[in-house]
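Trainee: This is the structure I have questions about; it appears just below.
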Amino acid sequence: MLILAVVLLTQLLGRSLPVETNIMALLPKNQQDPSAQIAFDRVASSMSDKVIFLVSSPDQDKAQQAAQQFEAQLKQFPLFKQVNGKLAQDAQQAWGRFFFPYRFQLLTPTQQQRLTNSPQSQTQYVIQSVYSPFSGVSGNELNSDPFLLFRDYLKQLTAHSGNFRLSNGYLTTDYQDQHYVLISADLNGSAYSMALQDQLAELSQLEDDLKQKFKQDQINVIHTGVIFYAAHGTQSAKSEISTIGVGSLVGVILLILLVYRSMMPLSLALLSISCGLVAAFVITVLIFGKVHLFSLVFGASLIGVSIDYAFHYLTDRLAAGSRWNASQGLKHILVAITLGLITSLIGYLGMLIAPFPGLQQLALFSAIGLFSAYATVVCWYPILAATPSVDRALPFRKILTLWLSLWQQPKVRIIIPSVFAIAAGVGLYHAHYNDDIRQLQAMPVNLKQQEQTIKTISGIQNDQQMLLVQAQNNDQLLDKLQTISNQLELQIQAGNLGGYQSISQFIASPQQQEHNFALTQSLYQSQSQALSQALKLKQTPKLDSGFKAITIEQFLNSPISNPVRFMWLGEIDGQSSAVITLNGVQNNQAIEAFAGQQSNVSYLNKTQEISQLFGLYRQHVTQLLVLASLVILLVVSLRYGFTQGIRIVLPPMIAGTVGIAVTVLTGSALNLFNLLALILVLGIGIDYTLFFAEQSRSQASSDAHLALKRNSTLLAISLSALTTILSFGLLALSETQAIHSFGITVLFGIIISWLLAPLAMKPPATISKES
1 MLILAVVLLT QLLGRSLPVE TNIMALLPKN QQDPSAQIAF DRVASSMSDK
51 VIFLVSSPDQ DKAQQAAQQF EAQLKQFPLF KQVNGKLAQD AQQAWGRFFF
101 PYRFQLLTPT QQQRLTNSPQ SQTQYVIQSV YSPFSGVSGN ELNSDPFLLF
151 RDYLKQLTAH SGNFRLSNGY LTTDYQDQHY VLISADLNGS AYSMALQDQL
201 AELSQLEDDL KQKFKQDQIN VIHTGVIFYA AHGTQSAKSE ISTIGVGSLV
251 GVILLILLVY RSMMPLSLAL LSISCGLVAA FVITVLIFGK VHLFSLVFGA
301 SLIGVSIDYA FHYLTDRLAA GSRWNASQGL KHILVAITLG LITSLIGYLG
351 MLIAPFPGLQ QLALFSAIGL FSAYATVVCW YPILAATPSV DRALPFRKIL
401 TLWLSLWQQP KVRIIIPSVF AIAAGVGLYH AHYNDDIRQL QAMPVNLKQQ
451 EQTIKTISGI QNDQQMLLVQ AQNNDQLLDK LQTISNQLEL QIQAGNLGGY
501 QSISQFIASP QQQEHNFALT QSLYQSQSQA LSQALKLKQT PKLDSGFKAI
551 TIEQFLNSPI SNPVRFMWLG EIDGQSSAVI TLNGVQNNQA IEAFAGQQSN
601 VSYLNKTQEI SQLFGLYRQH VTQLLVLASL VILLVVSLRY GFTQGIRIVL
651 PPMIAGTVGI AVTVLTGSAL NLFNLLALIL VLGIGIDYTL FFAEQSRSQA
701 SSDAHLALKR NSTLLAISLS ALTTILSFGL LALSETQAIH SFGITVLFGI
751 IISWLLAPLA MKPPATISKE S
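Residue numbers (UniProt numbering): 1 to 771.
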């Protein structure tokens, strides 16, 4: 423990706290397609470090004035490494400067169709534009682009930025009588960095100050970004750790002082808890590199479980009074607590089989914590608790005796378990499962409303659903992206898709560029004379430029590609790769089927993929639970016989099903974590029944001595149940649906386990026969 304490100090005093907050770290990697996992990681990383602000006011000038001041403040704020608000004049002209030399090979889909079918209509379009007072066509533009092809191409590029238009250098839009100004920013690090999350309070103050300063102008600021959700998750986890951990600790302290009325048992109990948590934290960090906050939330609940072994030892000491012998006391409980540890480890370590980092870490953390608490009782308690306690009657002796005598009645031993079993069956009949991964994360209403508002106003959706497209080389990939984009337009028309964004919308493949150049060349050859006569031009337009394709490398090396560069993944496993991001997917099956019909195209929907894995692992854990129950029955039957083994295993099994039934009746859908709760109820409930079974095996010198031992056992498991309820039961208060549901199942499972535990006592008739 001293070595572990030193390692803990080095871990906590390192460069960064070894605590993981990224919810995705809990999830398994994509095992079917490593390329898909790489693609998702790159795109998710690019998107997660962005923050979007919309500054609004009924007055457009005031909105831009407030946005200008807010942008200046954000640029001074260390949270961001780059803030994009007002575009410099050079930046506004950058797209035009980059594409202008290649203007004769850049056409919109509409222009391609027009030049193919009726090139004369392009001439009419130019004539109408020139004579229109609103078109703004200048003489210089006519000289450089007589058929006005390039201006429409640039308009199409800006159309891919949603509903925004350029006004005084800002991207602005109007919605419901409000003028909105867009400001985007790149975080100065990861969205899951606690150091960055700590700065959000100051950012919120900046927004409030701006609103107050422009109060008369009705200025408002809304924002969205992964960091806000990550920070909420971190704060929720910290709060829940505090509530559960501190609540459990206070409850344990009060219980110990009430029952044992001494500081020494309290010190020993805190020693068990500390050893369990320190060992679990240190070893988990050594193996996994970090401990996830999710594991810590459950780990905080370990307080209520790791003290169970201590209660049995300390209660045995209390019952013995001045006759206490520390070594004999350990012998009395050693078999029961050892079997209890083994049965708990069977459940926990079984979860290590699943390729699910979250389950593996939780299983390891819990198993190490429990083993360390057990080792503390076995190794240290006989030395530290060698002094006998004061002679006094066990607390609540009359209540304990009455409850145990009730369980000696044959009708009670049949009716109570049967009633609970029937009630559980009714609840399970109405059970339904929801494996949605989003249950893992609390989604605050305020943040979701702001995100949805920004999506609606901007016309840009960001659902992290995408197509991974691969080809032999860059040119083939661009060509394939263009083909897929054309087909996605049909999906939009069919109502299966709201929209998409592809790098092919900004740069065409060399083949397409060459085809466009040929169309433009044909246009000049057939329509130059007609255009010159209609506009009375001094010189007939001529196409005097040769073809030279823009390469993807040129585009990516240009600053204009910054907003869309993340979609080009480069080479992955020898294949040129890119993604097409999908917005507003209305029909997952249709898009998945569409992707399946294409070669080297994969539909990536991480939420759906992980939710399906949740369902798969739920089935695996169900099988594991059945197997663990059979193994536990086999283990206990070897010592106690098959009939007594059934009495030992049956109460926690009934209790677990009742816990599930109550969870269903409270309106919660079942998921993987409810089955994890069953493993916990089984492991802890077996401890309760094992101690009663062990007491039935022991040779008591008299009926009074047997009654005392049983009262001592019931008191110990009552204290254990209370602390478990305090720890795991408090999880029912969690904002996160999965943890809340887990807490309800454990809460009622443990209560019923405690109620049914005396069933493991042998019936009076059996005891008299054996005598």
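We treat Cβ as the ideally placed atom computed from N, Cα and C, and that holds for glycine.
Quick check: Leu-650 and Gly-427, are their CB atoms within less than 7 Å of each other?
Mentor: no
Trainee: Can you look up Ser-768 in the DSSP assignment and give me helix, strand or coil?
Mentor: Bear in mind that a pLDDT of 44 at Ser-768, under 50, signals an unreliable position, so the model cannot answer this.
Trainee: By Cβ distance below 8 Å, which residues in the same chain neighbour Ser-771 in space, the five residues on each side in sequence not counted?
Mentor: Since pLDDT at Ser-771 reaches only 43, below the 50 mark, its modelled position is unreliable, and the value read off the structure follows with that caveat. Answer for Ser-771: no residue qualifies.
Trainee: Distance, Cα to Cα, Lys-769 vs Leu-690?
Mentor: Only weak support exists for where Lys-769 lies, its pLDDT of 46 falling under 50; the value from the coordinates is given anyway. If I take the Cα positions, the gap works out to 21 Å.
Trainee: If you drop the 5 nearest sequence neighbours on each side, which residues of the same chain put their C-beta closer than 7 Å to that of Val-252?
Mentor: Ala-269, Ile-303, Ile-307, Thr-723
Trainee: With DSSP as the reference, please indicate the residues paired to Trp-568 in a beta bridge.
Mentor: DSSP, once it has assigned bridges, lists Ala-578 as partnering Trp-568.
Trainee: Does the distance from the CB of Arg-42 to the CB of Leu-569 come in under 7 Å?
Mentor: Yes. Within cutoff.
Trainee: Where do the N-terminal and C-terminal ends of the alpha helix (DSSP H) with Leu-481 fall, by residue?
Mentor: 474–493
Trainee: Should Met-263 go down as buried or exposed, given a rule of 16 or more other Cβ atoms within 10 Å for buried?
Mentor: Within a 10 Å sphere around the beta-carbon of Met-263 sit fewer than 16 other beta-carbons, which makes this residue exposed.
Trainee: From the DSSP output, which residues share a beta bridge with Glu-20?
Mentor: His-292
Trainee: Which class does Phe-150 belong to by DSSP, given the choice of helix, strand or coil?
Mentor: It is helical.
Trainee: Taking the C-alpha atoms as reference points, what is the distance between Asp-435 and Ala-669?
Mentor: Roughly 9 Å between the two C-alpha positions.
Trainee: Would you tell me roughly how many angstroms separate the C-alpha atoms of Ala-94 and Ala-88, rounded to the nearest one?
Mentor: 10 Å
Trainee: Is Thr-234 helix, strand or coil by DSSP?
Mentor: helix
Trainee: For Ser-558, which residues in the same chain have their Cβ closer than 6 Å to its Cβ, ignoring the five residues on either side in sequence?
Mentor: Phe-98
Trainee: Does the distance from the C-beta atom of Val-226 to that of Ser-458 stay below 7 Å?
Mentor: no
Trainee: Can you tell me whether Tyr-192 is helix, strand or coil according to DSSP?
Mentor: Under the three-state reduction of DSSP output, Tyr-192 falls in the coil class, being neither helix nor strand.
Trainee: Quick check: what's the CA-CA separation for Ala-593 versus His-515?
Mentor: Per the coordinates, the alpha-carbon of Ala-593 lies some 31 Å from the alpha-carbon of His-515.
Trainee: With a threshold of 8 Å, are at least 3 pairs of Cβ atoms found where one atom belongs to the stretch 280–287 and the other to the stretch 392–406?
Mentor: no
Trainee: So, Thr-540 versus Ser-528, is the Cβ gap smaller than 7 Å?
Mentor: Against a cut-off of 7 Å, the Cβ pair of Ser-528 and Thr-540 comes out as a contact.
Trainee: Quick one: what does DSSP say Phe-53 is sitting in, helix, strand or coil?
Mentor: Reduced to three states, the DSSP call for Phe-53 is strand.
Trainee: Would you kindly check if the distance between the Cβ of Gly-749 and the Cβ of Val-681 is under 7 Å?
Mentor: Yes, the pair counts as a contact, with Cβ atoms nearer than the cut-off.
Trainee: I'd like to know if the stretch 483–498 and the stretch 619–631 are in contact, where contact means that at least 3 CB-CB pairs between them fall below 8 Å.
Mentor: The way I'd put it, the stretch 483–498 doesn't touch the stretch 619–631; fewer than three beta-carbon pairs between them come closer than 8 Å.
Trainee: I need the boundaries of the alpha helix (DSSP H) containing Gln-361, first residue and last residue.
Mentor: 357–384
Trainee: If contact is defined by three or more beta carbon pairs under 8 Å, each pair taking one atom from either stretch, is the stretch 79–86 in contact with the stretch 185–195?
Mentor: yes
Trainee: Using a 10 Å radius around the Cβ and a threshold of 16 neighbouring Cβ atoms, would you call Thr-622 buried or exposed?
Mentor: exposed
Trainee: Give the list of continuous beta strand (DSSP E) stretches no shorter than 3 residues that lie fully inside the stretch 582–641.
Mentor: 601–605
Trainee: With DSSP run on the structure shown, which of helix, strand or coil describes Ser-167?
Mentor: strand
Trainee: How many whole angstroms separate the CB atoms of Leu-293 and Thr-234, which I take to be in contact at a CB cut-off of 8 Å?
Mentor: Between Leu-293 and Thr-234 a beta carbon distance of about 7 Å is seen, short of the 8 Å cut, so the two are scored as contacting.
Trainee: Between the beta-carbon of Tyr-180 and the beta-carbon of Ser-56, is there less than 7 Å?
Mentor: yes
Trainee: Cα separation between Arg-392 and Gln-197?
Mentor: 55 Å
Trainee: Do Gln-361 and Ile-222 have their CB atoms nearer than 7 Å?
Mentor: At least 7 Å separates the beta-carbon of Gln-361 from that of Ile-222.
Trainee: What is the DSSP secondary structure of Met-47, counted as helix, strand or coil?
Mentor: helix
Trainee: In whole angstroms, what separates the C-alpha of Thr-376 from that of Val-390?
Mentor: 24 Å
Trainee: Using the Cα positions of Gln-124 and Tyr-153, report the straight-line distance between them to the nearest angstrom.
Mentor: Gln-124 and Tyr-153 have their C-alpha atoms roughly 18 Å apart.
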